[in-house]
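There are 4 protein chains.
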Amino acid sequence: MAAAATTPGQRADMVRNRRLLLDAAAAAFAEHGLEASMGEIAQRAGLAKGTVFRHFPTKEDLLAAITLRLLDQLAGAAGRLLEADDAAAALREFMTNGVEALAADRAFCEVIGRPSLQHSEVRDAIAELCVTVEALTARAREQGAIRGDITGTDIVLLLGGIHQTAAPLLATQPEAWRRYLELTLDGLRTATPSALPHRPPLRPELTDSALT
Amino acid sequence: MAAAATTPGQRADMVRNRRLLLDAAAAAFAEHGLEASMGEIAQRAGLAKGTVFRHFPTKEDLLAAITLRLLDQLAGAAGRLLEADDAAAALREFMTNGVEALAADRAFCEVIGRPSLQHSEVRDAIAELCVTVEALTARAREQGAIRGDITGTDIVLLLGGIHQTAAPLLATQPEAWRRYLELTLDGLRTATPSALPHRPPLRPELTDSALT
Amino acid sequence: MAAAATTPGQRADMVRNRRLLLDAAAAAFAEHGLEASMGEIAQRAGLAKGTVFRHFPTKEDLLAAITLRLLDQLAGAAGRLLEADDAAAALREFMTNGVEALAADRAFCEVIGRPSLQHSEVRDAIAELCVTVEALTARAREQGAIRGDITGTDIVLLLGGIHQTAAPLLATQPEAWRRYLELTLDGLRTATPSALPHRPPLRPELTDSALT
Amino acid sequence: MAAAATTPGQRADMVRNRRLLLDAAAAAFAEHGLEASMGEIAQRAGLAKGTVFRHFPTKEDLLAAITLRLLDQLAGAAGRLLEADDAAAALREFMTNGVEALAADRAFCEVIGRPSLQHSEVRDAIAELCVTVEALTARAREQGAIRGDITGTDIVLLLGGIHQTAAPLLATQPEAWRRYLELTLDGLRTATPSALPHRPPLRPELTDSALT
DNA sequence: GATGAATGAGTGTTCATTCAT
DNA sequence: CATGAATGAACACTCATTCAT
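Chains as they are written, first to last, in my numbering: chain A, 1 to 212; chain B, 1001 to 1212; chain C, 2001 to 2212; chain D, 3001 to 3212.
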């Protein structure tokens, strides 16, 4: 009844609903891929369809939000690991977390690959993630823990690749990605590196490609 | 009967249409992923919708056909490379061809990963490919060209992973996969291999996972 | 909750639409038989196609709903007539109402006959109707108003038969069914009944036949 | 090779194919109703789809042909029974044959009821059947075997009604129609006929209704 | 004449999105 | 602001019909 009290209450609800929706959407996309319907997401969140659209005017918007959350999570982890002493261990931990996160979020790869992604926030988040991971990678490079020709953007891209390698086994061997992560790490720290036949991708290229 | 063999007639048109359709479907799926509609495929092929369904009674059937074509192509290449003297070079060439082929067929990865794949022909073709690639891999292993803990099924899975790593760059740097292939090869032939933390996938697990 | 009951609002519209749809469907089926398309029904109701499917997720569901409405109407009439003094007049009135109702609902006969009818509600409603009509028939039998070898299920089946007899005349002589109803009633009350060559159908047989 | 010999040979094939098609169509329609597809009919006949359309340019035409065959069969039977001594027995036999034939030809009722039937041949055949049956009925009337207010057209219409009465039981009790035929015959020969409340249908009304 | 491949309008159904309540 | 009914553009798929061989 207190006029002032209602507004914060509603705000609180909106925040709660937004979180419910993001969780529901993540679960739904993880299970059915991008084909998961807005209706199912609403149901999982225990909300009405209209409410979903109030929060995310478009399915693409919801996708962007969920992707941003993952990117933020990864960037946060990378930032925290910058403080670690052992750069090699830090990089390994980042990649472990990263691949694991992808496994829980089947939509992510599909979203990253889709050329129609319009959201500049996502592009910015990807770029930012690449910057932080480059810092992480640079330390490992400087410590001689990994070869010199690998960039942070390489590392970010490799997360998706490792996940994809193990994806066909997800149903029967959900931990198989660990095998391919290790194999990749062996490639990164090889004592006898080949000359890589293609220059490293630049950050803007990654994000632009997500645009074109 | 002899007459029938000499009279290509209608049959020739059908063969041509089938090829038109497979090509159109590959292109459409490459562009829009599995969401590409049967209608668009028909249009791309310059045929009527009904014709698509005469050739492939179901979207799933068309998908299976397109996937089989790719698998056959890979298995054929692998088989031919079994004759080569230099096992390491042969394996490298197989993987090069493989990743290149995947780039042209974006549907492939989505199809391989999809749990509902019902076509036993596809499952059989995957299994067969794994067998041939295992032979190819075994020779490289025996020649000491790659580490001892990598199987043919690993190699097949890695094709998808390498492709995925470079996929976000496809639009701007279509050759970027070469970088990640080389990196992977470095991992495969490392002089100081780590103990891989997960046992190698068995062939049946791969194909079963495509089933479950 | 009290508030919800007093606020017809949206709900009122939905109820109205449901009725519009049932009426439109009845008309469409009456005109074109079961081939009437969901699209046409939507158009007749002045609603969009999607709305039809929101109310009745399947054509079969719509069919079931329309059939249930008719069955309920018949069962209600039969129940009310159980109170009448003159059992013969009551039975006649029931049959009159019944055949008249069928004339307005050409789908009914096709639905009743269709073996794939999955809806247990319809089966239950048929069974229930047969029970009530058996009560009505029993009274007439006991009063000697009709022969002793006729059951309620016979009466229910005869409604469809009488309707069908006059169906080819519907367009030019919409009241012709009265002629065949009277003829049937004469058969039912004949003073010199033949031995009927086939045992009476059991209720479960009727409903099971709609199942098998 | 003899130029003259080919024509009769082809003629013979055409006649054979026509019969194959009519039988296949009758079976298919009996099983699935009018929804039976031209494709299935072709398959059942062991012929190609094109051949069906050479014989019957339209599904409606095939329907008409099949219906004509049934009508001819009934008219033939009625004609033959005109010679019998016992008119009552003859009428009973005609009706028995008639209802039995309908049971084997589920399409017939649907065809008779369908207002869009355009074929004048069918209309003529119905009219002719009514004439012959009227002769049969007249004899029974004159012999006092049935009531005086029943016409041949009534009898023809009753065939469909009796069949429909038992139709819902067809799957579980294929002979149930005998029960309702007997009941109808009791109505026809009742010693105390009611005044039928609607004048008898005229032949042209029947056939016109099939037109409107 | 027989064949069956091609056609394309039509069907039931789904789903992102809008909007009245 | 939340709700869920209404919308209508797709979609996969079917089938009578046409026509090149």
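Every residue, glycine too, gets a C-beta built ideally from N, C-alpha and C.
Treat the numbers as computed from the prediction; the structure is a model and nothing was measured.
Taking only beta-carbon positions, decide if Gln143 of chain A is within less than 8 Å of chain B. Here residue 143 of chain A refers to the residue found at position 143 of the first sequence. Chain B, which has no Cβ nearer than 8 Å to the Cβ of Gln143 of chain A, makes this no.
Within a Cβ cutoff of 8 Å, which residues of the same chain sit near Leu136 of chain A, ignoring the five residues on either side of it in sequence? Locating residue 136 of chain A in the first sequence gives position 136, where the first residue counts as 1. Same-chain partners within the cutoff: Ala78, Leu81, Leu82, Ala87, Ala90, Leu91, Phe94, Gly152, Ile155.
Would you kindly work out how many angstroms separate the C-alpha atoms of Arg3018 of chain D and Arg3011 of chain D, rounded to a whole number? Stepping through the fourth sequence from its first residue, residue 3018 of chain D is reached at position 18. Stepping through the fourth sequence from its first residue, residue 3011 of chain D is reached at position 11. Their backbone Cα atoms lie some 10 Å apart in a straight line.
Which bits of chain D does Ile2066 of chain C rub up against, with CB to CB less than 7 Å? To locate residue 2066 of chain C, count along the third sequence from 1; it is residue 66. Chain D residues near Ile2066 of chain C: none, gap ~17 Å exceeds 7 Å.
Just the Cα atoms here: how many angstroms apart are Cys3130 of chain D and Ala3075 of chain D? As a first step, residue 3130 of chain D is located in the fourth sequence; it is residue number 130 there, counting from the start. As a first step, residue 3075 of chain D is located in the fourth sequence; it is residue number 75 there, counting from the start. So the two alpha carbons sit approximately 8 Å from each other.
From this set, A:Pro174, A:Ala138, A:Arg139, A:Leu181, which residue's C-alpha is nearest Leu1158 of chain B's C-alpha? The residue you call residue 1158 of chain B lines up with position 158 of the second sequence. Of A:Pro174, A:Ala138, A:Arg139, A:Leu181, the residue nearest in Cα terms is A:Leu181.
Just to confirm before moving on: does the CB-CB distance between Pro193 of chain A and Arg141 of chain A stay below 8 Å? Locating residue 193 of chain A in the first sequence gives position 193, where the first residue counts as 1. Locating residue 141 of chain A in the first sequence gives position 141, where the first residue counts as 1. Their beta carbons are not under 8 Å apart, which means Pro193 of chain A does not touch Arg141 of chain A by this criterion.
Which residue's Cα is closest to the Cα of Gly46 of chain A: A:Val133, A:Leu21, A:Pro201? Position 46 of the first sequence holds residue 46 of chain A. Cα-wise, what sits closest to Gly46 of chain A is A:Leu21.
Endpoints, alpha helix (DSSP H) assigned at Ala87 of chain A: As a position in the first sequence, residue 87 of chain A is number 87, starting the count at 1. It spans 87 to 103 - the alpha helix (DSSP H) in which Ala87 of chain A sits, taken as one unbroken run.
Counting along the chain, where does the alpha helix (DSSP H) carrying Leu2157 of chain C start and finish? Along the third sequence, one-based indexing puts residue 2157 of chain C at 157. Where Leu2157 of chain C is concerned, the enclosing alpha helix (DSSP H) stretches over 2152 to 2166.
Under three-state DSSP, which class holds Ser3147 of chain D? Translated into the one-based positions of the fourth sequence, residue 3147 of chain D becomes position 147. Note on identity: in this sequence residue 3147 of chain D is Arg, with Ser being the wrong assignment. Looking at Arg3147 of chain D - three-state DSSP - the assignment turns out to be coil, as it is neither helix nor strand.
For Glu1182 of chain B, which residues in chain A fall below 7 Å Cβ to Cβ? By one-based count along the second sequence, residue 1182 of chain B stands at place 182. Near Glu1182 of chain B (Cβ distances below 7 Å), the residues of chain A are Ser194, Leu196, Pro197.
Return the first residue and the last residue of the alpha helix (DSSP H) that Gly2050 of chain C is part of. Taking the first residue of the third sequence as 1, we reach residue 2050 of chain C at position 50. Here the alpha helix (DSSP H) through Gly2050 of chain C covers 2049 to 2055.
CB-CB length for Ala2027 of chain C against Asp2072 of chain C, believed under 8 Å: The sequence position of residue 2027 of chain C within the third sequence is 27, counting from 1. The sequence position of residue 2072 of chain C within the third sequence is 72, counting from 1. About 19 Å separates the two Cβ atoms, so there is no contact after all.
Residue-level contact to chain A via CB, Gln1043 of chain B, 8 Å cutoff: The residue given as residue 1043 of chain B occupies position 43 in the second sequence. Cβ-Cβ to chain A under 8 Å: no for Gln1043 of chain B.
Complete alpha helix (DSSP H) runs within the stretch 1014 to 1078 of chain B (minimum length 4 residues, chain order): 1038 to 1045, 1049 to 1055
Say whether chain A places a C-beta atom closer than 8 Å to the C-beta of Thr1051 of chain B. The residue you call residue 1051 of chain B lines up with position 51 of the second sequence. So, not an interface residue.
Using a Cβ-Cβ cut-off of 8 Å, state whether Glu2175 of chain C counts as contacting chain D. Counted from its first residue, the third sequence places residue 2175 of chain C at position 175. Output row for Glu2175 of chain C: interface = yes.
Nearest-angstrom Cα separation, counted from Ile1162 of chain B out to Ala1145 of chain B: Here residue 1145 of chain B refers to the residue found at position 145 of the second sequence. Here residue 1162 of chain B refers to the residue found at position 162 of the second sequence. If I take the Cα positions, the gap works out to 20 Å.
Go ahead and label Val122 of chain A buried or exposed: buried means 16 or more other beta carbons lie within 10 angstroms of its beta carbon, across all protein chains shown. As a first step, residue 122 of chain A must be located in the first sequence, where it is residue number 122. Buried is the call here.
Thinking Thr190 of chain A and Asp1186 of chain B are a contact (beta carbons under 8 Å), I'd like their distance in whole angstroms, please. Looking up residue 190 of chain A in the first sequence gives position 190. Looking up residue 1186 of chain B in the second sequence gives position 186. The pair is a contact, with the Cβ atoms about 5 Å apart (cut-off 8 Å).
Using a threshold of 8 Å, state whether the C-beta atoms of His2198 of chain C and Arg3044 of chain D are closer than that. Here residue 2198 of chain C refers to the residue found at position 198 of the third sequence. Here residue 3044 of chain D refers to the residue found at position 44 of the fourth sequence. Contact: no.
Just to make sure I have the definition right: I need the residues of chain D whose C-beta is within less than 7 Å of the C-beta of Asp2186 of chain C. Which are they? Looking up residue 2186 of chain C in the third sequence gives position 186. Those within 7 Å of Asp2186 of chain C in chain D are Gly3187, Thr3190, Pro3193, Ser3194.
Would you report the Cα separation of Ala2195 of chain C and Glu2060 of chain C, rounded to the nearest angstrom? What you label residue 2195 of chain C is simply residue 195 of the third sequence in a count that begins at 1. What you label residue 2060 of chain C is simply residue 60 of the third sequence in a count that begins at 1. Their Cα atoms are separated by approximately 40 Å.
Give a single yes or no on whether Glu2121 of chain C has its beta carbon closer than 7 Å to a heavy atom of the ligand MG. With respect to the ligand MG, the structure offers nothing, as it holds no ligand at all.
Using alpha carbons as the reference points, say which of A:Thr132, A:Val99, A:Ala25, A:Arg54 lies closest to Leu63 of chain A. For the purposes of this step, residue 63 of chain A is identified with residue 63 of the first sequence, where counting begins at 1. Selected option, being the one with the closest Cα: A:Ala25.
In whole angstroms, give me the CA-to-CA distance for Phe3108 of chain D and Leu3068 of chain D. Within the fourth sequence, numbered from 1, the residue matching residue 3108 of chain D stands at position 108. Within the fourth sequence, numbered from 1, the residue matching residue 3068 of chain D stands at position 68. Roughly 10 Å separates the two Cα atoms.
Short CB-CB distance (under 8 Å) between Pro168 of chain A and chain B: Taking the first residue of the first sequence as position 1, residue 168 of chain A is located at position 168. Cβ-Cβ to chain B under 8 Å: yes for Pro168 of chain A.
Distance, Cα to Cα, Ala2036 of chain C vs Phe2029 of chain C? As a position in the third sequence, residue 2036 of chain C is number 36, starting the count at 1. As a position in the third sequence, residue 2029 of chain C is number 29, starting the count at 1. Roughly 6 Å between the two C-alpha positions.
Which residues, taken in chain order from the stretch 1087 to 1103 of chain B, show a beta carbon closer than 8 Å to some beta carbon of chain A? none
Consult DSSP for Ala1195 of chain B and reduce its assignment to one of helix, strand or coil. Locating residue 1195 of chain B in the second sequence gives position 195, counting from the first residue. Ala1195 of chain B falls in the coil class under three-state DSSP.
Quick one: which chain A residues come within Cβ less than 7 Å of Gly1161 of chain B? Start at 1 with the first residue of the second sequence, and residue 1161 of chain B comes out as number 161. The answer, in chain order, is Gly161, Ile162, Gln164, Thr165, Tyr180.
Taking the alpha helix (DSSP H) that Thr1184 of chain B belongs to, which residues open and close that run? Taking the second sequence and counting its residues from 1, the one referred to as residue 1184 of chain B is at position 184. Element bounds for Thr1184 of chain B: 1177 to 1188.
How big is the Cα-Cα spacing for Thr2058 of chain C and Ile2041 of chain C? What you label residue 2058 of chain C is simply residue 58 of the third sequence in a count that begins at 1. What you label residue 2041 of chain C is simply residue 41 of the third sequence in a count that begins at 1. Taking the straight line from one Cα to the other gives about 13 Å.
Using the beta-carbon count (16 or more within 10 Å), is Ser116 of chain A buried or exposed? For the purposes of this step, residue 116 of chain A is taken as the residue at position 116 of the first sequence. Residue placement at Ser116 of chain A cannot be trusted, given a pLDDT of 49 that sits under 50; what the coordinates show is reported in the next sentence. Looking at its Cβ environment, which holds fewer than 16 other Cβ atoms inside 10 Å, Ser116 of chain A is exposed.
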